[in-house]
Amino acid sequence: MASKIVPTQSKGIYDCRVLSNDEVARGIFLMRLHAPEIAARVQPGQFVNVKTQPHEADEIIPLLRRPFSVCQVDRTAGWISVLWKNVGPGTRMLSRHSIDTVLNIIGPLGKGFELPQKDAAVALVAGGLGIAPMPILAAALRERRVNFTLLLGARTAAELWGKEELQRFGAPIKIATDDGSAGQRGFVTELLQNWIKENDPHASRVYSCGPMPMLERVAALCVAANVHAEVAVETVMGCGFGICMGCPIEPRAGVELFGRYYLACLDGPVFCADDIRYEFTSH
Ligand SMILES: Cc1cc2nc3c(=O)[nH]c(=O)nc-3n(C[C@H](O)[C@H](O)[C@H](O)COP(=O)(O)OP(=O)(O)OC[C@H]3O[C@@H](n4cnc5c(N)ncnc54)[C@H](O)[C@@H]3O)c2cc1C
Numbered sequence: 002m003a004s005k006i007v008p009t010q011s012k013g014i015y016d017c018r019v020l021s022n023d024e025v026a027r028g029i030f031l032m033r034l035h036a037p038e039i040a041a042r043v044q045p046g047q048f049v050n051v052k053t054q055p056h057e058a059d060e061i062i063p064l065l066r067r068p069f070s071v072c073q074v075d076r077t078a079g080w081i082s083v084l085w086k087n088v089g090p091g092t093r094m095l096s097r098h099s100i101d102t103v104l105n106i107i108g109p110l111g112k113g114f115e116l117p118q119k120d121a122a123v124a125l126v127a128g129g130l131g132i133a134p135m136p137i138l139a140a141a142l143r144e145r146r147v148n149f150t151l152l153l154g155a156r157t158a159a160e161l162w163g164k165e166e167l168q169r170f171g172a173p174i175k176i177a178t179d180d181g182s183a184g185q186r187g188f189v190t191e192l193l194q195n196w197i198k199e200n201d202p203h204a205s206r207v208y209s210c211g212p213m214p215m216l217e218r219v220a221a222l223c224v225a226a227n228v229h230a231e232v233a234v235e236t237v238m239g240c241g242f243g244i245c246m247g248c249p250i251e252p253r254a255g256v257e258l259f260g261r262y263y264l265a266c267l268d269g270p271v272f273c274a275d276d277i278r279y280e281f282t283s284h
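So the sequence shown is numbered by the numbering used here: it starts at 2 and just counts up by one.
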């Protein structure tokens, strides 16, 4: 059971029990957590900030929590899941947690995707770990009876997760891999370019998550075609709720913020694709 420690109106700090933790693709893990309070409120595109725990007494604990998009939610059963890749000490510790470990989590955090009208043509565009927020978004779209197409990209088939999970929504799925080991050889943005040509720009919406260079290309394609696009950024982040100012995102020239930068944790992580500068951050 999850015990509430610091409740606030929107987010809280909770002790959450690990329900499962499996390697679902090469180096990529999916963890389900019992978190009824977060499950009740989380919206597609929001994230949780997870305190990592050591396995051995002499292991150094990362000072900062690690942010992860909420991947799936079961509001009735009271669980959420997060999907991550092993890239450093925090994610390595998480991958070794077994069932019944209790993790301290803050969430739900940030601003999520704005859901479209029923008659919109929608594309979900994910690159690599950018697949993480797509299952919860796909479920919300299906609930609203919005039709959508999934465009998934990965370096190689072994690092592709989500096809089976997303197939149950009955939406068309197109895949691109850098090495051609699954779907079309090339970038997922090439699939997007074709999708844009096939749809009425005024009724289209694109939701995307992935590495910054990919998001920059998504934004360029959508701006050029006059398609509304939203991108979820996964920058380096500190506190997750606007205190440390550690996740600045520069606004695009012409977006007036009265001299300040966006903060990915508060103003995002989902932004209107045309509102931000992509080259500002290396991640
Ligand atoms: C809002 C948000 C949502 C996120 N959602 C997910 C998710 O669903 N799944 C997932 O796998 N990751 C996600 N991330 C990124 C994730 O938080 C980092 O991969 C994680 O913090 C790395 O921790 P670590 O201790 O293992 O590695 P670190 O030692 O912190 O970093 C190891 C290497 O990864 C790089 N790195 C660290 N953080 C990031 C980052 N945010 N983006 C790119 N490179 C980074 C470092 O520069 C370093 O080279 C998200 C980030 C944000 C801000």
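We treat Cβ as the ideally placed atom computed from N, Cα and C, and that holds for glycine.
Below 8 Å between beta carbons: does that hold for residue i and residue j?
{"i": "valine 234", "j": "leucine 216", "result": "yes"}
{"i": "isoleucine 106", "j": "serine 21", "result": "no"}
{"i": "cysteine 240", "j": "valine 103", "result": "no"}
{"i": "valine 126", "j": "valine 74", "result": "no"}
{"i": "valine 224", "j": "isoleucine 137", "result": "no"}
{"i": "phenylalanine 114", "j": "glutamate 231", "result": "yes"}
{"i": "glycine 79", "j": "proline 37", "result": "yes"}
{"i": "leucine 222", "j": "alanine 124", "result": "no"}
{"i": "alanine 122", "j": "alanine 26", "result": "no"}
{"i": "methionine 94", "j": "histidine 35", "result": "no"}
{"i": "phenylalanine 188", "j": "alanine 139", "result": "no"}
{"i": "valine 219", "j": "alanine 274", "result": "yes"}
{"i": "isoleucine 197", "j": "alanine 226", "result": "yes"}
Where does the unbroken alpha helix (DSSP H) through residue i begin, and where does it stop?
{"i": "methionine 213", "result": "213-226"}
{"i": "asparagine 50", "result": "Segment 48-51 is the beta strand (DSSP E) holding asparagine 50; no alpha helix (DSSP H) there."}
{"i": "leucine 164", "result": "The amino acid at residue 164 is misidentified as leucine; the sequence shows lysine. Taken as a continuous stretch (DSSP letters only), the alpha helix (DSSP H) holding lysine 164 covers 164-168."}
{"i": "isoleucine 197", "result": "189-199"}
{"i": "proline 37", "result": "37-42"}
{"i": "leucine 138", "result": "135-144"}
{"i": "glycine 287", "result": "With the chain covering 2 to 284 only, the question about residue 287 has no answer from this structure."}
Quick one, which of the options has its alpha-carbon nearest residue i's?
{"i": "aspartate 201", "options": "Val189, Asp120, Ile277", "result": "Asp120"}
{"i": "phenylalanine 242", "options": "Pro55, Pro68, Pro45, Thr92", "result": "Pro68"}
{"i": "aspartate 84", "options": "Glu166, Leu130, Arg146, Pro63", "result": "The sequence shown places leucine at residue 84, not aspartate. Among Glu166, Leu130, Arg146, Pro63, the Cα nearest to that of leucine 84 is on Leu130."}
{"i": "glycine 211", "options": "Arg76, Gly128, Gln118", "result": "Gly128"}
{"i": "alanine 155", "options": "Ala133, Glu144, Arg97", "result": "Ala133"}
{"i": "glutamate 166", "options": "Glu144, Ile39, Met135, Ile81", "result": "Met135"}
{"i": "valine 19", "options": "Gly46, Thr77, Ile39, His98", "result": "His98"}
{"i": "alanine 183", "options": "Gly163, Leu142, Trp196", "result": "Gly163"}
{"i": "glutamate 199", "options": "Gln118, Val228, Gln54", "result": "Val228"}
{"i": "serine 96", "options": "Arg33, Gln168, Ile197", "result": "Arg33"}
{"i": "glycine 89", "options": "Pro63, Ser82, Ile81", "result": "Pro63"}
Leaving out five residues before and five after residue i in sequence, what residues of the same chain have Cβ atoms less than 6 Å from its Cβ?
{"i": "lysine 52", "result": "Arg66, Asn105"}
{"i": "glutamine 44", "result": "Gly113"}
{"i": "valine 271", "result": "Gly46, Lys112, Gly113, Phe114, Glu231, Ala233"}
{"i": "alanine 157", "result": "Rather than alanine, the amino acid found at residue 157 in this sequence is threonine. Cβ neighbours of threonine 157 beyond the five flanking positions: Thr178, Asp180, Ser182."}
Starting from the C-beta of residue i, find all residues in its chain whose C-beta is less than 8 Å away, skip the five residues before and the five after it, and write them out in chain order.
{"i": "proline 252", "result": "Leu258, Tyr262, Tyr263, Asp276, Ile277, Arg278"}
{"i": "leucine 267", "result": "Gly111, Lys112, Phe242, Gly243"}
{"i": "serine 11", "result": "Arg42, Pro109"}
{"i": "threonine 9", "result": "Its pLDDT being 43, under 50, threonine 9 is placed unreliably in this model, and the value from its coordinates should be taken loosely. Counting only Cβ-Cβ distances below 8 Å, and skipping sequence neighbours, we find nothing."}
{"i": "glutamine 168", "result": "Ile174"}
Keeping to the same chain, check which residues put their C-beta closer than 7 Å to that of residue i; ignore five residues upstream and five downstream.
{"i": "valine 256", "result": "Asp276"}
{"i": "glutamate 24", "result": "Phe30"}
{"i": "cysteine 245", "result": "Gly239"}
Starting from residue i, follow the beta strand (DSSP E) in both directions and report where the run begins and ends.
{"i": "threonine 150", "result": "149-155"}
{"i": "proline 68", "result": "67-70"}
{"i": "tyrosine 279", "result": "Where tyrosine 279 is concerned, there is no enclosing beta strand (DSSP E), given that its DSSP letter is neither H nor E."}
{"i": "cysteine 17", "result": "13-26"}
So is residue i in contact with chain C if we call contact Cβ pairs under 8 Å?
{"i": "glycine 187", "result": "Going by chain labels, chain C is absent from the structure shown, which holds only one protein chain."}
Does the beta carbon of residue i fall short of 7 Å from some heavy atom of ligand 2?
{"i": "serine 70", "result": "The model depicted lacks ligand 2 and carries ligand 1 instead."}
query = Three or more beta-carbon pairs under 8 Å between the segment 165-182 and the segment 144-152, yes or no?
reply = yes
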